[in-house]
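These protein sequences, in sequence, are chains A and S.
Residue numbering for the first sequence follows the numbering used here, beginning at 11 and increasing consecutively.
Residue numbering for the second sequence follows the numbering used here, beginning at 11 and increasing consecutively.
These notes concern the structure reproduced below.
Protein chains: 2
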Amino acid sequence: MAPSTSRVKLPSAVRPKKTLDQSGRVVGPRGLQTRDQLLDAMAALLAQRSVREIRVVDVARNVSTSPATFYQYFEDVDEAVLRLAERASERMPEILALMGRSWQGRKGFETALAIVEAFISHWDAHHAVLRLSSLRSDEGDRRFLKLRRDTMTPLLQAIAKLIEEGQRAGRVSKRMHPIAAAAALAAILERLAAYHRSLEGLGVTREHLVETSASILYQIVTGRRAP
Amino acid sequence: MAPSTSRVKLPSAVRPKKTLDQSGRVVGPRGLQTRDQLLDAMAALLAQRSVREIRVVDVARNVSTSPATFYQYFEDVDEAVLRLAERASERMPEILALMGRSWQGRKGFETALAIVEAFISHWDAHHAVLRLSSLRSDEGDRRFLKLRRDTMTPLLQAIAKLIEEGQRAGRVSKRMHPIAAAAALAAILERLAAYHRSLEGLGVTREHLVETSASILYQIVTGRRAP
DNA sequence: TCCAGTTTCTGATATAGTGTCAGATTCTGG
DNA sequence: CCAGAATCTGACACTATATCAGAAACTGGA
Numbered sequence: 011m012a013p014s015t016s017r018v019k020l021p022s023a024v025r026p027k028k029t030l031d032q033s034g035r036v037v038g039p040r041g042l043q044t045r046d047q048l049l050d051a052m053a054a055l056l057a058q059r060s061v062r063e064i065r066v067v068d069v070a071r072n073v074s075t076s077p078a079t080f081y082q083y084f085e086d087v088d089e090a091v092l093r094l095a096e097r098a099s100e101r102m103p104e105i106l107a108l109m110g111r112s113w114q115g116r117k118g119f120e121t122a123l124a125i126v127e128a129f130i131s132h133w134d135a136h137h138a139v140l141r142l143s144s145l146r147s148d149e150g151d152r153r154f155l156k157l158r159r160d161t162m163t164p165l166l167q168a169i170a171k172l173i174e175e176g177q178r179a180g181r182v183s184k185r186m187h188p189i190a191a192a193a194a195l196a197a198i199l200e201r202l203a204a205y206h207r208s209l210e211g212l213g214v215t216r217e218h219l220v221e222t223s224a225s226i227l228y229q230i231v232t233g234r235r236a237p
Numbered sequence: 011m012a013p014s015t016s017r018v019k020l021p022s023a024v025r026p027k028k029t030l031d032q033s034g035r036v037v038g039p040r041g042l043q044t045r046d047q048l049l050d051a052m053a054a055l056l057a058q059r060s061v062r063e064i065r066v067v068d069v070a071r072n073v074s075t076s077p078a079t080f081y082q083y084f085e086d087v088d089e090a091v092l093r094l095a096e097r098a099s100e101r102m103p104e105i106l107a108l109m110g111r112s113w114q115g116r117k118g119f120e121t122a123l124a125i126v127e128a129f130i131s132h133w134d135a136h137h138a139v140l141r142l143s144s145l146r147s148d149e150g151d152r153r154f155l156k157l158r159r160d161t162m163t164p165l166l167q168a169i170a171k172l173i174e175e176g177q178r179a180g181r182v183s184k185r186m187h188p189i190a191a192a193a194a195l196a197a198i199l200e201r202l203a204a205y206h207r208s209l210e211g212l213g214v215t216r217e218h219l220v221e222t223s224a225s226i227l228y229q230i231v232t233g234r235r236a237p
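This is the structure in structure tokens:
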């Protein structure tokens, strides 16, 4: 029963995370490169058409490989999207860090502006992936729900904490549930970032949107009117 | 050249809208019934699985008919969804009417509460269809974009008008673009209505959500803290 | 009641994409 | 240069969409 190979099973907490292919084998450098190319091709296609119009054949062809190769690395199209969403979510902490700046007066409004700006830029850069990711969560897909929870919860909690402080200081209405309010603010950011294009038809520029969202964020968090 | 039939071509503005099938023929009473049954079956399925998992065969089977019949009335699954969304959007004016109530003090807050409540109930009743409809718009689908524009624009304008009044009275920050702010508030309603279920995991009840959203709505529209 | 015309429904099928797998191909260290 | 590991792919079984010619059901008038 003594293992004759050098591959010893380590406890999963210690074992470094290696990327695996669909049959559970560790992927080497060449495979990793193919996998990355597939993801890039996927992202490129996603930027120009909706997921439903994306054929695995196209993704594969764009990297001069075959559909079977795609399936070697991803269970299905959604899994590839999930990986892209994970990639995107790695940038979240940068936005989170902005929350720590001052919320006093004019400085505070600038903090709000910076956050909104960062958020919208982030969505602009990854809108297709993020929107899809958000849809899959809404549909109840476990994988995407977990990702959303992991990336949004810290943000919600950071905002909620500010609101609680405001409430303790008596500036912010106690009627609001801090996390619910945080979710509402996040909803503005997500939703407007997702469709600010269609508002341009009504004479609303991106600039307007940023200023307005920042005003609302500032007003809800601090309880004070935007300067 | 004189038409011998009794079917005279009227100007399209006058001609009553008859439902047509895929080959452009007017649908009679029996067909209309089948079509409605198909829509109902579609709605029922949509309530339990995501669109991607809905097979035309299932919809058809649920009304004891064949896929070919489905395609006689709808171009594709999306068209059926669009019809359902249109059905749902007919209820919008009721919400819009609430906007006209008083926005003064405690009464004003009750107005906000009523609007939020109506909106969330509306979404609860049609969430699958509305969410999908919103996704298709985001994806740029013309048919859904038009529907969204037609149903949301009046709402946005009503809110925008209130905000403008507040700005003129000096209660509301002039930094906000009225339509952008209206869109932001609509975003809260849409987004939270769409996923309030997943917030329950964080201890946020539907009740909290309604109160909080109403507070934000009230605060942004009137420039005053919620009572 | 029967018939001709109209409306509605469906079996059969062309088309197209997904996902699998055995085996071919390519790479690597010795 | 070779053995074995890693990677890739042609061929294929399956599943679903969408179409259409013709069958079936219904209708009103003789």
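We put the CB at the ideal spot given by N, CA and C, even for glycine.
Residue-level contact to chain A via CB, residue 58 of chain S, 8 Å cutoff: Stepping through the second sequence from its first residue, residue 58 of chain S is reached at position 48. False, the Cβ-Cβ gap to chain A never drops below 8 Å.
DSSP state of residue 315 of chain S mapped onto helix, strand, coil: The structure shown does not extend to residue 315 of chain S, since chain S is modelled only from 11 through 237, so no value can be given for it.
Test: residue 214 of chain S CB closer than 8 Å to a CB of chain A: Taking the first residue of the second sequence as position 1, residue 214 of chain S is located at position 204. Chain A, which has a Cβ nearer than 8 Å to the Cβ of residue 214 of chain S, makes this yes.
Distance, residue 113 of chain S Cα to residue 120 of chain S Cα: The residue labelled residue 120 of chain S in the question sits at position 110 within the second sequence. The residue labelled residue 113 of chain S in the question sits at position 103 within the second sequence. Roughly 8 Å between the two C-alpha positions.
C-alpha distance - residue 201 of chain A paired with residue 193 of chain A, whole-angstrom precision: Position 191 of the first sequence holds residue 201 of chain A. Position 183 of the first sequence holds residue 193 of chain A. Using only the alpha carbons, I get a separation of about 12 Å.
Option nearest residue 10 of chain S by Cα separation, candidates S:127, S:150, S:215: Chain S is shown from 11 up to 237; residue 10 of chain S falls before or after that span and cannot be answered.
CB contact check: residue 85 of chain S to chain A, cutoff 8 Å: Here residue 85 of chain S refers to the residue found at position 75 when the second sequence is read from its first residue. Closer than 8 Å: no.
Inter-residue spacing [alpha-carbon to alpha-carbon] between residue 49 of chain A and residue 135 of chain S: In the first sequence, residue 49 of chain A corresponds to position 39, counting from 1. In the second sequence, residue 135 of chain S corresponds to position 125, counting from 1. Cα to Cα, residue 49 of chain A sits roughly 38 Å from residue 135 of chain S.
Nearest to residue 100 of chain S (by Cα), restricted to the options S:160, S:211, S:36: Mapped onto the second sequence, residue 100 of chain S falls at position 90. Here the closest residue by C-alpha is S:160.
Residue 29 of chain S burial status per 10 Å Cβ neighbour count (16 or more: buried): Working through the second sequence from its first residue, we reach residue 29 of chain S at position 19. By the neighbour-count rule (16 or more Cβ atoms within 10 Å), residue 29 of chain S is not buried but exposed.
Bridge partner(s) assigned by DSSP for residue 165 of chain S: For this step, residue 165 of chain S is matched to residue 155 along the second sequence. Looking at the DSSP assignment, residue 165 of chain S forms no beta bridge with any residue, so it has no partner.
Residue 10 of chain A burial status per 10 Å Cβ neighbour count (16 or more: buried): With chain A covering 11 to 237 only, the question about residue 10 of chain A has no answer from this structure.
Boundaries (first-last residue) of the alpha helix (DSSP H) holding residue 132 of chain A: Position 122 of the first sequence holds residue 132 of chain A. Where residue 132 of chain A is concerned, the enclosing alpha helix (DSSP H) stretches over 115 to 148.
The stretch 147 to 162 of chain S contacting the stretch 201 to 215 of chain A, beta-carbon criterion three pairs below 8 Å: yes
Below-8 Å beta-carbon distance, residue 132 of chain S vs any chain A residue: In the second sequence, counting from the first residue as 1, residue 132 of chain S sits at position 122. No, residue 132 of chain S lies away from the interface with chain A (no Cβ there is under 8 Å from its Cβ).
Closest by C-alpha distance to residue 236 of chain A, when choosing among A:75, A:51, A:118, A:96: Walking along the first sequence from the start, residue 236 of chain A turns up at place 226. It is A:118.
Residues in the stretch 172 to 188 of chain S having any Cβ partner in chain A nearer than 7 Å: 183, 185, 186, 187
Spatially closest choice to residue 148 of chain A from S:149, S:140, S:79, by CA coordinates: Here residue 148 of chain A refers to the residue found at position 138 when the first sequence is read from its first residue. Cα-wise, what sits closest to residue 148 of chain A is S:140.
Alpha carbon of residue 116 of chain A to alpha carbon of residue 63 of chain A, nearest angstrom: Within the first sequence, numbered from 1, the residue matching residue 116 of chain A stands at position 106. Within the first sequence, numbered from 1, the residue matching residue 63 of chain A stands at position 53. Residue 116 of chain A and residue 63 of chain A: Cα-Cα distance of roughly 47 Å.
Contact with chain S by residue 226 of chain A, beta-carbon distance below 8 Å: As a working note, residue 226 of chain A is residue 216 in the first sequence. It does: the Cβ of residue 226 of chain A has a partner Cβ on chain S nearer than 8 Å.
Given residue 91 of chain S as reference, the closest of S:47, S:172, S:56 once Cα atoms are compared: Here residue 91 of chain S is taken as the residue at index 81 of the second sequence, counted from 1. With distances taken between Cα atoms, residue 91 of chain S lies closest to S:56.
6 Å Cβ shell around residue 53 of chain S - same chain, five flanking residues per side excluded: As a position in the second sequence, residue 53 of chain S is number 43, starting the count at 1. Hits under 6 Å: 94.
Residue interval of the alpha helix (DSSP H) (run including residue 80 of chain S): Translated into positions along the second sequence, residue 80 of chain S becomes position 70. That run of the alpha helix (DSSP H) goes 77 to 83.
Extent of the continuous alpha helix (DSSP H) to which residue 72 of chain S belongs: For the purposes of this step, residue 72 of chain S is taken as residue 62 along the second sequence, with counting starting at 1. Note, residue 72 of chain S: alpha helix (DSSP H), 66 to 72.
Where residue 225 of chain A falls: helix, strand or coil (DSSP): Residue numbering aside, residue 225 of chain A sits at position 215 when the first sequence is read from its first letter. Note: residue 225 of chain A maps to helix in three-state DSSP.
C-alpha distance - residue 97 of chain S paired with residue 197 of chain A, whole-angstrom precision: Residue 97 of chain S sits at position 87 when you count from the first residue of the second sequence. Residue 197 of chain A sits at position 187 when you count from the first residue of the first sequence. Using only the alpha carbons, I get a separation of about 26 Å.
Buried or exposed by the 16-neighbour rule on C-beta atoms within 10 Å, applied to residue 107 of chain A: In the first sequence, counting from the first residue as 1, residue 107 of chain A sits at position 97. Flag for residue 107 of chain A reads exposed.
Separation of residue 188 of chain A from residue 180 of chain A, as counted between CA atoms: Taking the first residue of the first sequence as position 1, residue 180 of chain A is located at position 170. Taking the first residue of the first sequence as position 1, residue 188 of chain A is located at position 178. Those two C-alpha atoms are separated by around 14 Å.
Span of the alpha helix (DSSP H) around residue 188 of chain A: The residue you call residue 188 of chain A lines up with position 178 of the first sequence. From DSSP, the alpha helix (DSSP H) with residue 188 of chain A extends over 188 to 209.
Residue of A:45, A:130, A:234 minimising C-alpha distance to residue 216 of chain A: As a working mapping, residue 216 of chain A is identified with position 206 in the first sequence. It is A:130.
Length of the line joining the Cα atoms of residue 178 of chain A and residue 233 of chain S: Position 168 of the first sequence, counting from 1, holds the residue named residue 178 of chain A. Position 223 of the second sequence, counting from 1, holds the residue named residue 233 of chain S. Straight-line Cα distance between these residues: approximately 21 Å.
Alpha carbon of residue 83 of chain S to alpha carbon of residue 65 of chain A, nearest angstrom: What you label residue 83 of chain S is simply residue 73 of the second sequence in a count that begins at 1. What you label residue 65 of chain A is simply residue 55 of the first sequence in a count that begins at 1. Rounded to whole angstroms, residue 83 of chain S to residue 65 of chain A spans 27 Å at the Cα level.
CA-to-CA distance, residue 221 of chain S to residue 184 of chain A, given in whole angstroms: On the first sequence, residue 184 of chain A is found 174 positions in, with the first residue counted as 1. On the second sequence, residue 221 of chain S is found 211 positions in, with the first residue counted as 1. Those two C-alpha atoms are separated by around 10 Å.
Length of the line joining the Cα atoms of residue 41 of chain A and residue 69 of chain A: Stepping through the first sequence from its first residue, residue 41 of chain A is reached at position 31. Stepping through the first sequence from its first residue, residue 69 of chain A is reached at position 59. Rounded to the nearest angstrom, the two C-alpha atoms are 16 Å apart.
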